[in-house]
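Okay, structure first, notes after.
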Amino acid sequence: MNDAYKELLATCKSVISNPMAYVAEWKSRNPGKKAVGFLPTYVPLEPIYAAGGLPVGLWGSDIPVAVADAYIQQFTCSLVRSVTEEAFTGMYDGLDAVLFPPICDSLKLVGSSWDLNLSGKFLVEFANLPERLDGAAAGTYLEAELRRVSKRINGESIEDRHFPQAIALVNRLRESMAGFCTWRSAHPVPFADVAAILKAATVLHADEYRTLVDKVLSVASAPAEPVHAIPIVVTGLSCQLPHPEMMRCFDEAGLSVVADDLFLGLRGTPAVEENGNPYANIAKSYCKSAPMAIRHTEHAKRHEQILEQIERNRAKGIVFMVPKFCEPEWFDLRYLQEEIRQRRIPNIVLDFEEGLGATGSLQTRLSAFAETLSLR
Amino acid sequence: MSRMPLQATALTQKLMKEYYASCRESHARGRKVAWSTVMMPTEILLAADIDVLFPENQSATCGAKGLGPELSELAEAAGLSQETCSYVRCDLGIRKGGQSPWGGLPDPDIVFCATSSCTTVTKWYQDLRRFFSCEFAMVDMPFNFSGEITEHAENYIVEQLQGCIRQIEALTGKPYDYERLEEVVGLAQTAHEYWRKCLELGATNPSPITTTDILVNMGPIVCLRGTQAAIDVYETLYEELLERVRIGYVAAGQERFRLVWDNIPFWFALGSTVRRLSAHGAVLVGATYLYHWVRDVDPKDPLRTMGRAYSTAITMNQSIAHKITKIGNMLELYQADGLIIHSNRSCKPDSLGSLDLKRAIEDRLNIPVLMVDGDHTDSRAVSDAVVQTRMEAFIESLEQRKYGGLQLA
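Protein chains in written order, with the numbering used here: chain A, 1 to 376; chain B, 377 to 785.
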């Protein structure tokens with residue numbers, strides 16, 4: 001693998017191993033500018049960048065959950081619990097604000113608990129996204145909501161003229177992620193590395209990320225080595241960016257993940273128009289985003305998206321990684337499985353819970369799945 | 377004093393029985409049927425002569441009849457995870473051939489959901505649409521973080537209600553009758569007012585009515601507010617309660633501890649819960665759940681006032697801070713000795729935040745709080761022995777505190 005790729009991977013791994021150290025370092029380089037944490041899977045990053053700030057994805061880690069148990073019950077997903085543990089033990093004190101997208105019942109109430117208990121440490125604010133993406137009413141509502149959120153985070157000082165550059169920056173961040181994903185389908189790299197590189201996109205400043213990825217894409221690399229791994233599609237993780245080492249289970253089972261929905265919130269929204277009313281443009285992009293369990297949409301269906309991924313990548317099977325206690329994903333699973341079974345596509349359902357402790361059983365089940373696929 | 381039966385309860389039972397029978401009959405004659413979530417402004421449907429039925433009520437009844445586990449198992453066999461709401465599992469269990477205490481509901485021509493209950497309802501009703509190949513309508517009601525509904529959220533809800541009305545026109549093939557809507561909303565408001573007054577009389581110390589007696593009279597406010605028949609029931613109930621207060625009638629016989637319940641009840645163990653508590657003279661005098669139907673709507677501006685009212689029902693779709701204030705006020709109104717919070721794993725939106733609520737009520741109001749883990753219909757998820765032990769320990773601590781002179785640490 002070329003040196004540019006090695007540099008990208010090393011930087012990404014380093015940043016995600018301690019995101020708050022990167023935040024502190026960035027803030028020392030950018031005095032007076034705000035670092036704004038955000039929860040998955042989509043918040044509008046443009047208002048943060050428009051004020052010269054740094055958006056920081058909060059994904060938790062595999063630290064044991066103890067303090068958070070005094071605030072939220074255990075029937076919430078591991079991401080929410082882990083992030084709450086970090087927040088309530090002071091790990092995010094270096095942030096100026098945290099932006100919640102209250103897209104599920106857990107995020108609504110957990111966000112509200114942060115607001116009640118942590119608002120002395122940083123501003124807790126909500127990008128109250130519409131649950132439905134169809135119809136004009138959702139777009140009009142979201143435009144007004146984005147304006148409100150931007151003012152709450154940035155104050156009155158942010159004018160529309162600050163936006164085109166920020167919009168271009170976020171558009172390029174999406175392009176970088178998409179560019180990298182196209183590149184990796186021709187240059188098979190471990191899924192663990194893919195997870196690390198995507199995760200770092202939510203922490204590194206978009207300009208820095210772009211520079212690193214561009215170098216990889218611009219270097220003519222040797223033709224890809226023949227792939228022996230079995231191509232599969234993974235779905236269910238649109239609100240998750242698991243610990244990359246957990247995702248190594250796929251690599252070690254001999255499975256090559258050719259398409260996934262990690263962090264689909266941002267990856268799955270189309271580019272925002274740079275000129276014109278920025279809030280209306282961001283809302284328009286959001287309303288065209290890819291289908292996900294937590295959105296009601298008429299314009300796209302989730303099973304069609306998955307079938308298209310399978311066909312385009314000649315995948316041999318699909319892995320449903322369903323986060324424990326994620327009601328929307330468990331609902332979708334039933335309908336998706338019906339569609340997938342009708343087409344006789346091999347599939348497996350795995351409970352997902354963040355934490356390296358679970359990798360043993362994950363590994364065993366994925367290896368067994370790989371074996372059945374190799375016999376077909 | 378001998379036990380006084382409530383005429384209103386007999387009226388409720390008769391009304392609900394007739395309503396379900398007439399829905400079945402008129403559906404067979406071609407009248408349209410809608411299924412709806414309980415937080416939907418169904419006044420817009422009643423005004424268009426569409427019969428409205430509520431799968432949530434059917435599931436609650438399944439729970440009360442102890443059918444939760446067997447229906448859930450049918451749903452789980454059909455691929456719906458045990459991690460989903462047990463109301464949905466009961467409904468799917470019935471659709472998969474399980475037994476409904478009501479003999480099932482007539483198939484819907486259209487399904488309506490409003491997200492102020494939860495995000496679950498959207499997934500549930502999308503499934504109903506697929507199952508019945510029927511029309512689907514939804515009203516997205518954004519969560520209210522600041523205690524107030526924002527102007528743009530209110531506009532958003534109104535525009536969606538207008539969209540629902542266009543869907544109703546397409547279904548009925550008739551222009552929508554807005555005058556009739558005003559009339560229905562006016563009737564609903566009268567029912568709301570009686571309902572509120574009944575609940576507030578329940579706060580009389582000692583109480584003339586128990587929460588169980590009110591729960592069995594919920595049918596009309598949930599399903600038939602907007603009709604004269606619902607008003608008749610609650611007017612009767614109100615008059616009866618006034619009379620009970622006048623003569624000093626105490627519903628529970630003895631009332632040593634006044635308790636308030638938060639969250640949906642354990643439907644399958646309502647009787648046993650009340651019996652356990654009353655064995656110690658503890659009475660459920662109030663329930664936050666009943667206040668979900670205390671609303672203010674105005675026939676002069678029906679869509680806007682319904683949008684606001686349905687988006688901000690007491691403990692749902694609201695910030696935890698707001699919930700703490702509302703429930704705190706309620707505990708004071710009811711002169712409660714304690715609060716029991718049901719941490720209901722089938723209802724995240726009504727349960728998450730309970731740990732903050734418990735802390736705030738204990739610290740700010742110095743009222744003891746018991747939090748019990750449970751589920752509204754799936755009794756497999758509830759340990760009866762644990763619930764019993766915890767309730768007994770709670771009552772013992774109340775006993776010491778109220779009659780033994782000890783203070784809560």
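Don't be surprised by glycine CBs; every beta carbon is placed ideally from N, CA and C.
Identity of the residue in the options nearest residue i by Cα
i, options, result
"A:T84", "A:D96, A:F75, A:G94, A:S113", "A:S113"
"A:E353", "A:H162, A:H243, A:V36", "A:H243"
"B:R632", "B:G624, B:V659, B:A606", "B:V659"
"A:K301", "A:S157, A:L336, A:A259", "A:L336"
"A:L54", "A:Y22, A:L375, A:S176, A:C239", "A:Y22"
"A:L198", "A:F180, A:T211, A:P188, A:E208", "A:F180"
"B:R684", "B:K676, B:I525, B:E615", "B:I525"
"B:H718", "B:D749, B:S398, B:D467, B:A697", "B:D749"
"A:S285", "A:R376, A:S106, A:D134, A:W183", "A:D134"
"A:K108", "B:P477, B:H656, B:G480, B:S492", "B:S492"
"A:E304", "A:D332, A:P323, A:D251", "A:D332"
"B:D483", "B:W571, B:L456, B:R400, B:R766", "B:R400"
"B:R634", "B:G474, B:D726, B:T587", "B:T587"
Separation of residue j from residue i, as counted between CA atoms
i, j, result
"A:V319", "A:I232", "7 Å"
"B:S402", "B:R505", "22 Å"
"B:L741", "A:V203", "43 Å"
"B:D754", "B:C723", "12 Å"
"B:V758", "A:L173", "48 Å"
"B:D674", "B:M682", "8 Å"
"B:V650", "B:S448", "25 Å"
"B:D638", "A:A280", "41 Å"
"B:F770", "B:L746", "7 Å"
"A:I282", "A:L146", "8 Å"
"A:I258", "A:D193", "Here the sequence assigns Val to residue 258 of chain A, which means Ile is not the residue at that position. Using only the alpha carbons, I get a separation of about 13 Å."
"B:E446", "B:E452", "10 Å"
"B:W669", "B:G549", "31 Å"
"A:L362", "B:C489", "37 Å"
"B:D760", "B:L653", "14 Å"
"A:S395", "A:E46", "Absent from the model: residue 395 of chain A. The displayed extent of chain A is 1 to 376, so no value can be given."
"A:M91", "A:V110", "17 Å"
"A:E25", "A:N154", "21 Å"
"A:N117", "B:I743", "21 Å"
Sequence-distant residues of its chain with Cβ nearer than 7 Å to residue i (five each side left out)
i, result
"B:V621", "L577, T580, P584"
"B:G624", "none"
"B:A785", "In this predicted model, B:A785 has a pLDDT of only 44, less than 50, meaning its place in the structure is not dependable enough to derive any value."
"B:Q783", "Since pLDDT at B:Q783 reaches only 47, below the 50 mark, its modelled position is unreliable, and the value read off the structure follows with that caveat. Cβ within range, chain order: R777."
"B:T688", "N520, I525, Q694"
"A:D128", "Sequence inspection shows Asn at residue 128 of chain A; the Asp mentioned does not correspond to that position. The residues are P102, E145."
Residues near residue i by beta carbon distance below 6 Å, same chain, minus five either side
i, result
"B:S680", "According to the sequence shown, residue 680 of chain B is Arg rather than Ser. Cβ neighbours of B:R680 beyond the five flanking positions: V534."
"B:E419", "V560, V561, A564, G602"
"A:I48", "V36, P55"
"A:S238", "T41, D261, L264, M292"
"A:S218", "none"
"A:E273", "N281"
Which residues DSSP lists as bridging residue i, in chain order
i, result
"A:I232", "A:V257, A:G317"
"B:W637", "B:A663, B:I716"
"B:A513", "B:F488"
"A:F352", "A:P323"
"B:Q694", "B:N520"
"A:L123", "A:A97"
"B:M747", "B:I717"
"A:F38", "A:G57, A:L99"
"A:H296", "A:R132"
"B:S412", "B:F488"
"A:N347", "A:I318"
Contacts around residue i, its chain only, beta-carbon distance under 8 Å, and the 5 residues preceding and following it disregarded
i, result
"B:F430", "W411, S412, T413, V414, V598, C599"
"A:A253", "Q363, L366, S367, F369, A370"
"A:S185", "V258, N313"
Residue i beta carbon near the ligand NAD (any heavy atom closer than 7 Å)
i, result
"B:I737", "The ligand NAD is absent from the structure shown, which contains no ligands of any kind."
The segment 769-780 of chain B / the segment 663-674 of chain B touching (three or more Cβ pairs under 8 Å): With fewer than three CB-CB distances shorter than 8 Å, the segment 769-780 of chain B does not count as touching the segment 663-674 of chain B.
Inter-stretch contact at 8 Å, needing at least 3 Cβ pairs: the segment 88-99 of chain A / the segment 29-44 of chain A: Counting Cβ pairs under 8 Å, three or more are found: they touch.
Touch test, the segment 377-386 of chain B against the segment 493-512 of chain B, Cβ-Cβ under 8 Å, three pairs minimum: In this structure the segment 377-386 of chain B does not touch the segment 493-512 of chain B; the number of beta carbon pairs closer than 8 Å is below three.
Validate contact between the segment 527-547 of chain B and the segment 155-173 of chain A using beta carbons, cut 8 Å, 3 pairs: No, the segment 527-547 of chain B is not in contact with the segment 155-173 of chain A.
The segment 706-717 of chain B / the segment 60-80 of chain A touching (three or more Cβ pairs under 8 Å): Using a Cβ-Cβ distance cut-off of 8 Å, the segment 706-717 of chain B and the segment 60-80 of chain A are not in contact, since fewer than three pairs of beta carbons, one from each stretch, lie closer than that value.
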